[in-house]
Amino acid sequence: DSGVTQTPKHLITATGQRVTLRCSPRSGDLSVYWYQQSLDQGLQFLIQYYNGEERAKGNILERFSAQQFPDLHSELNLSSLELGDSALYFCASSVRRENTEAFFGQGTRLTVV
Amino acid sequence: AQSVTQLGSHVSVSEGALVLLRCNYSSSVPPYLFWYVQYPNQGLQLLLKYTSAATLVKGINGFEAEFKKSETSFHLTKPSAHMSDAAEYFCAVSFPNSGNTPLVFGKGTRLSVIA
Chain E
963 DSGVTQTPKH
973 LITATGQRVT
983 LRCSPRSGDL
993 SVYWYQQSLD
1003 QGLQFLIQYY
1013 NGEERAKGNI
1023 LERFSAQQFP
1033 DLHSELNLSS
1043 LELGDSALYF
1053 CASSVRRENT
1063 EAFFGQGTRL
1073 TVV
Chain H
4 AQSVTQLGSH
14 VSVSEGALVL
24 LRCNYSSSVP
34 PYLFWYVQYP
44 NQGLQLLLKY
54 TSAATLVKGI
64 NGFEAEFKKS
74 ETSFHLTKPS
84 AHMSDAAEYF
94 CAVSFPNSGN
104 TPLVFGKGTR
114 LSVIA
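Which chain is which? The protein sequence lines are E and H, in order.
Going by my numbering, the first sequence opens with residue 963, and the numbers climb by one from there.
Going by my numbering, the second sequence opens with residue 4, and the numbers climb by one from there.
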C-alpha cells in the first residue's frame, strides 16, 4: 500500500458527460501529480500541484482541469468526455516540489461509452 | 529533449534465468532515474532509484540497476527470475536540479516468466 488513495476505482460514463476523480496523497506529501495511462500513449503526465498551487503542466487537454485543496487532496475534472478519454488515471504524490520519488495510487479506470 | 527509451516492449525469460530490462536516457543535465513495476490492475510501485549517489542501486525483490553515464543507460537486472516477477516495468527520469520537471516514463517492458 503506497498510502495514496484514489476514488473511485472504476467509472463508466457516457460521451459528453463530466466526471471528477479524487486523490488523497500520502500523509505529509505536498506534491500531487496526475498521469493518464492508455495502451497507445503509455504514461502521460497531465499536471502537478504543490501545496495548492499549479506547479507544472503536461499534455492536459483544455477539457480537463484539476485543483488541490487546503487539506492537500486533489481532484481531476474531465468534461465533454470522448471515447478516447477512456484510460487509467493515476495520481502520485511526493514530499517535495521536485520529483525525486513519487508514490502512486491504484488508479481510476475510466470507461467512456 | 529529455527522454527515456526502453528497448523491447516484451521480454520473455525462463524461471531461474537472468532478467535484463534495458533503459537509455537522453539528457543534457544530471538525471535522477527510477524503475517502477506495475502488476495487472495495480498502480506503479517503486523498485529502485538512482539519485547521484552510488551508481549500482539495489532495490526490492532482488532487482538492481547500474547507472552508466558514458552509455546513458540504467538497465534493470535480476540474477534469477521468479514467476512472481511477471509484470510491466517502467523506467522513468526526472531532473530535480534543472527546474521542476515531473517524472517522464518510458513506454514500458512487459516481462513474462516461463516455467
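Even for Gly, the Cβ is constructed at its ideal location relative to N, Cα and C.
Inset, instruction - Could you tell me whether any non-hydrogen atom of the ligand ADP is closer than 7 Å to the CB of residue 970 of chain E? - result: The ligand ADP is absent from the structure shown, which contains no ligands of any kind.
Legend entry - CB contact below 8 Å: residue 43 of chain H versus chain E: No, residue 43 of chain H lies away from the interface with chain E (no Cβ there is under 8 Å from its Cβ).
Inset, instruction - Helix, strand or coil for residue 1016 of chain E, going by three-state DSSP, please let me know. - result: Judged by DSSP in its simplified three-state form, residue 1016 of chain E adopts strand.
Inset, instruction - Report the neighbours of residue 973 of chain E on chain H: residues whose CB is nearer than 8 Å to its CB, in chain order. - result: Listed along chain H, no residue sits closer than 8 Å to residue 973 of chain E by beta-carbon distance, the nearest being about 15 Å off.
Legend entry - Short-range partners of chain E found in the segment 40 to 65 of chain H, where Cβ spacing is below 9 Å: So the list reads 41, 44, 45, 46, 47, 48, 49, 52 and 54, given in the order they occur along the chain.
Inset, instruction - Determine the closest residue to residue 108 of chain H out of H:62, H:47 and H:69, with distance taken between C-alpha atoms. - result: Comparing Cα positions, the closest option is H:47.
Inset, instruction - Output, in chain order, the set of chain H residues within a Cβ distance shorter than 7 Å of residue 1005 of chain E. - result: Under the 7 Å cutoff, chain H gives 93 and 108.
Inset, instruction - Measuring only between beta-carbons, confirm whether residue 33 of chain H sits less than 8 Å from chain E. - result: Chain E places no beta carbon closer than 8 Å to that of residue 33 of chain H, leaving this residue out of the contacts.
Legend entry - Proximity test, Cβ basis, 8 Å: residue 1026 of chain E and chain H: Judged by the 8 Å Cβ criterion, residue 1026 of chain E is not in contact with chain H.
Legend entry - CB contact check: residue 82 of chain H to chain E, cutoff 8 Å: It does not; no Cβ of chain E falls within 8 Å.
Inset, instruction - Determine, using beta carbons only, whether residue 111 of chain H comes closer than 8 Å to chain E. - result: Chain E, which has a Cβ nearer than 8 Å to the Cβ of residue 111 of chain H, makes this yes.
Inset, instruction - For residue 1004 of chain E, name the three-state secondary structure that DSSP assigns. - result: DSSP places residue 1004 of chain E in the strand class (E or B) of the three-state scheme.
Legend entry - Where residue 96 of chain H falls, given that 16 or more other Cβ within 10 Å makes a residue buried: Buried.
Legend entry - Proximal chain H residues relative to residue 1063 of chain E, where beta-carbon distance stays under 7 Å: Listed by position along chain H, the residues whose Cβ is nearer than 7 Å to that of residue 1063 of chain E are 49 and 52.
Inset, instruction - Would you check if there are 3 or more beta carbon pairs closer than 8 Å linking the segment 39 to 58 of chain H to the segment 85 to 95 of chain H? - result: Flag = yes, the segment 39 to 58 of chain H and the segment 85 to 95 of chain H touch.
Legend entry - Cβ pair count under 8 Å reaching 3, the segment 12 to 29 of chain H against the segment 1018 to 1036 of chain E: Output reads no: the segment 1018 to 1036 of chain E does not touch the segment 12 to 29 of chain H.
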